[in-house]
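Protein chains: 2
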Amino acid sequence: MYHRYIAAKEASSAQRTRVLIIDAAADLLAASASGDFSTREVCDAAGVAAPTLYHHFGDKDGLLREVAADRFSRYLTRKQALEATGDPVEDFLRGWDMHVEFGVTNPALYTIMYGRPMDGRTGPADHAHAVLVTKMRDLERAGRLRIPAETAADMVASAAVGVTLHLIRTRAAADDHLSAIVRDAVTAAVISPPAVPGAPPVTPQLVRAAARLEAEMPHGPVGTLRASETTLLREWLAQLSALSSAAGGDPP
Amino acid sequence: MYHRYIAAKEASSAQRTRVLIIDAAADLLAASASGDFSTREVCDAAGVAAPTLYHHFGDKDGLLREVAADRFSRYLTRKQALEATGDPVEDFLRGWDMHVEFGVTNPALYTIMYGRPMDGRTGPADHAHAVLVTKMRDLERAGRLRIPAETAADMVASAAVGVTLHLIRTRAAADDHLSAIVRDAVTAAVISPPAVPGAPPVTPQLVRAAARLEAEMPHGPVGTLRASETTLLREWLAQLSALSSAAGGDPP
DNA sequence: GCTGCAATGTAGCGATGATACACAGAAGCG
DNA sequence: CGCTTCTGTGTATCATCGCTACATTGCAGC
């Protein structure tokens, strides 16, 4: 009746109804207290009938996934302009804050994305994780990562999701400092400090000595050092002994 | 018909049917792939009719909460005997591992407990968090906490839940080292080193290697290590190399 | 203009969470 | 024992839910 003129103007009518349904579902989801909606509500709000919804999204879960993906990517792209700092570490920190902020301001969508096991199909959470892995690879390429990029991405994702869900569950404010604390703790565990300011004096003897000590290190606590300290010590020794040749490193 | 005799033997018939329903729901939940069940399934499996279920648990959500609380507390008490170490730090680490293990082995229950916003009423997650806070207070009283106990509990809970949900979401194995890494990272950020440990195993080779590396250590930042880290590393190396004589033996 | 295809409305199915109502059996009391 | 009362349970049913078979509409290409 009426879509004809709109359809003729720009996008296909099908795409129009798609975004119509997605918008209606997102609005209902944001307004709902239970974090859920019925397909009938969505159809009524969007002005379409049930088969239209299922024709476009397959089932309710497909709609949920598309809504989450749409809103999440929209949120990211809207704030992406702020991520223009050349520093990958700064980008990483901003990415964390954006992630948490999105979750706190969109608890229903976030819970759908991260609060339940995957149902086989890939969702927006997988896409976000892929982006995170590339960010970690950037850091790795810049020599700022203590651990493999994939492991770092898993650590960061776990901690960020945990904090966000905790804030959602406890109804805590978004500006709570919990996110910052955990973020810094994870950062300290994942990201190494900038290469070296001056000229790092690393002699082959030091590297050999570090490798020797690393080989001698047992797995439990050593001497007066606690287990956690031993872990950190072993990690540092690995870094030092890995410096073998390319030690003198030159800043770009 | 038949419960009469059982009921007469010990507990009230009402309590019997309660645990009957809870067990049936837990079994169905563990067997279900979707992480959900229908009240009809539960009633059939428990051998009761629908009004009985609603008479005891109010609604489906009440049943879910009671099932989660029952299984979680059962899991904790079953493993609580292993938490007999006097060291509060060790207790904390074991608590973390137990938490993650429970989540990975009971993904459906865990998702119900932590994967969605609180619906006003208190659930098993709140109880678990209260236990965690008391543990953190123990650490605080032992002078092993860098930050307030409540903040530490929030950090630990966030990270542990995040890791567990990540493992559930990615279908990763329970023995994945991700949990250990995040756990150690959080531990390093929350717990301060101990006063004095016991008598750990130290080989003469390790002591010599530590002394050698200590001699090779320069004063500035070394390789990829920050200046502060280098300081700490040098300190630890001094501790290890000082173990030379009194190391292997244990003082009477 | 006719045909094929994608998109949409009408009507309804099966399953689900939840409930109104009545019955059963134990407890208390004469 | 008879009577009442209350908790616990079964029978039957409701409103809603996700979803779909089928018919209809509108638009593209020959």
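So the protein sequences, as listed, match chains A and B.
Be aware that the first sequence starts at 1, since it is given in the UniProt record's numbering, and climbs by one per residue.
Be aware that the second sequence starts at 1, since it is given in the UniProt record's numbering, and climbs by one per residue.
Ideal Cβ positions, reconstructed from N, Cα and C, are used throughout, including at glycine.
query, result
"Helix, strand or coil: which one does DSSP assign to A:Ile-112?", "helix"
"Taking only three categories from DSSP, how would you classify B:Leu-225?", "coil"
"Let me make sure I understand the geometry here. Which of B:His-219, B:Ala-33, B:Val-222, B:Val-133 has the alpha-carbon closest to that of B:Asp-154?", "B:Val-133"
"Measuring CA to CA, which of B:Leu-29, B:Val-104, B:Asp-44 is closest to B:Arg-171?", "B:Val-104"
"With three or more C-beta pairs closer than 8 Å as the rule, is the stretch 209-218 of chain B touching the stretch 115-133 of chain B?", "no"
"If contacts are defined as beta-carbon pairs under 8 Å, then B:Arg-71 and B:Asn-106 qualify, I think. What distance do you get, rounded to the angstrom?", "6 Å"
"Where B:Ile-114 and A:Leu-206 are concerned, what is the direct C-alpha to C-alpha distance, given to the nearest angstrom?", "Reading the sequence as shown, one finds Tyr at residue 114 of chain B and not Ile. Going from the Cα of B:Tyr-114 to the Cα of A:Leu-206 covers about 48 Å."
"Rank A:Pro-193, A:Val-161, A:Asp-59, A:Asp-23 by C-alpha distance to the C-alpha of A:Glu-90 and give the top, closest one.", "A:Pro-193"
"If you count every other CB in all the chains shown that lies within 10 Å of the CB of A:Ser-179, and 16 or more means buried, which is it?", "buried"
"Let me check one thing: in DSSP terms, what residues is B:Ile-191 bridge-paired to?", "B:Leu-145"
"Cutting at 7 Å between CB atoms, please list the residues of its own chain near A:Leu-165, excluding the five before and the five after it.", "Tyr-114, Gly-115"
"Taking the continuous alpha helix (DSSP H) assigned at B:Gly-47, which residues delimit it?", "No alpha helix (DSSP H) holds B:Gly-47; DSSP gives it neither H nor E."
"Going by CA-CA distance only, name the one from B:Leu-53, B:Lys-60, B:Trp-96, B:Ala-238 that's closest to B:Ala-157.", "B:Trp-96"
"Please report the residue range of the alpha helix (DSSP H) in which B:Met-98 lies.", "88-105"
"List, in chain order, every chain B residue whose beta-carbon is nearer than 8 Å to that of residue 258 of chain A.", "Here chain A has residues from 1 to 252 only, and residue 258 of chain A is not among them."
"Indicate the three-state DSSP secondary structure (helix, strand or coil) for B:Val-196 in the structure shown.", "Its pLDDT being 49, under 50, B:Val-196 is placed unreliably in this model, and the coordinates cannot settle the point."
"Note down, in chain order, every chain A residue with its Cβ under 7 Å from the Cβ of B:Glu-150.", "In chain order: nothing, as chain A lies at least about 10 Å away."
"Is it buried or exposed for residue 262 of chain B, if we count other Cβ within 10 angstroms and need 16 for buried?", "The first residue shown for chain B is 1 and the last is 252, placing residue 262 of chain B beyond what the model contains."
"Please classify B:His-55: is it buried, with 16 or more other beta-carbons within 10 angstroms of its beta-carbon, or exposed?", "exposed"
"Output yes or no for whether 8 Å exceeds the beta carbon distance between B:Ala-25 and B:Leu-63.", "yes"
"Considering Cα atoms alone, identify which of A:Asp-87, A:Glu-66, A:Ala-142, A:Ile-112 is closest to A:Gly-35.", "A:Ile-112"
"According to the neighbour-count rule (16 or more other Cβ atoms, all chains shown, within 10 Å of its Cβ), is A:Gly-86 buried or exposed?", "exposed"
"How is A:Ser-38 classed by DSSP in three states: helix, strand or coil?", "coil"
"Given a threshold of 16 other Cβ atoms within 10 Å of its Cβ, counted over all protein chains shown, does B:Val-196 qualify as buried or as exposed?", "Any answer about B:Val-196 is weak, because its pLDDT of 49 lies below 50 and its placement is not dependable; what the coordinates show is given next. Exposed, since its Cβ has fewer than 16 Cβ neighbours within 10 Å."
"So is B:Val-182 buried or exposed if we call it buried at 16+ other beta carbons inside 10 Å?", "buried"
"Rank B:Asp-61, B:Lys-79, B:Thr-17, B:Thr-224 by C-alpha distance to the C-alpha of B:Lys-102 and give the top, closest one.", "Rather than Lys, the amino acid found at residue 102 of chain B in this sequence is Phe. Closest by alpha carbon: B:Lys-79."
"What's the C-alpha gap between B:Arg-173 and A:Asp-44?", "The question names Arg, but residue 173 of chain B is Ala in the sequence shown. Those two C-alpha atoms are separated by around 44 Å."
"For A:Arg-141, count the other beta carbons within 10 Å of its own beta carbon; 16 or more makes it buried, fewer makes it exposed. Which is it?", "exposed"
"Verify the CB distance criterion: does A:Ala-50 have a CB-CB separation below 8 Å to chain B?", "no"
"Could you check where the alpha helix (DSSP H) with A:Ser-73 kicks off and where it finishes?", "60-79"
"Just to confirm, is the Cβ distance from A:Ala-160 to A:His-99 under 8 Å?", "yes"
"Counting C-beta neighbours from all protein chains within 10 Å, is the total for A:Val-19 16 or more, i.e. buried, or is it exposed?", "exposed"
"Could you spell out the range, first to last residue, of the alpha helix (DSSP H) harbouring B:Ala-211?", "204-216"
"Relative to the C-alpha of A:Ala-108, which candidate in A:Trp-236, A:Ala-68, A:Pro-51 has its C-alpha closest?", "A:Ala-68"
"Can you tell me whether B:Thr-122 is helix, strand or coil according to DSSP?", "coil"
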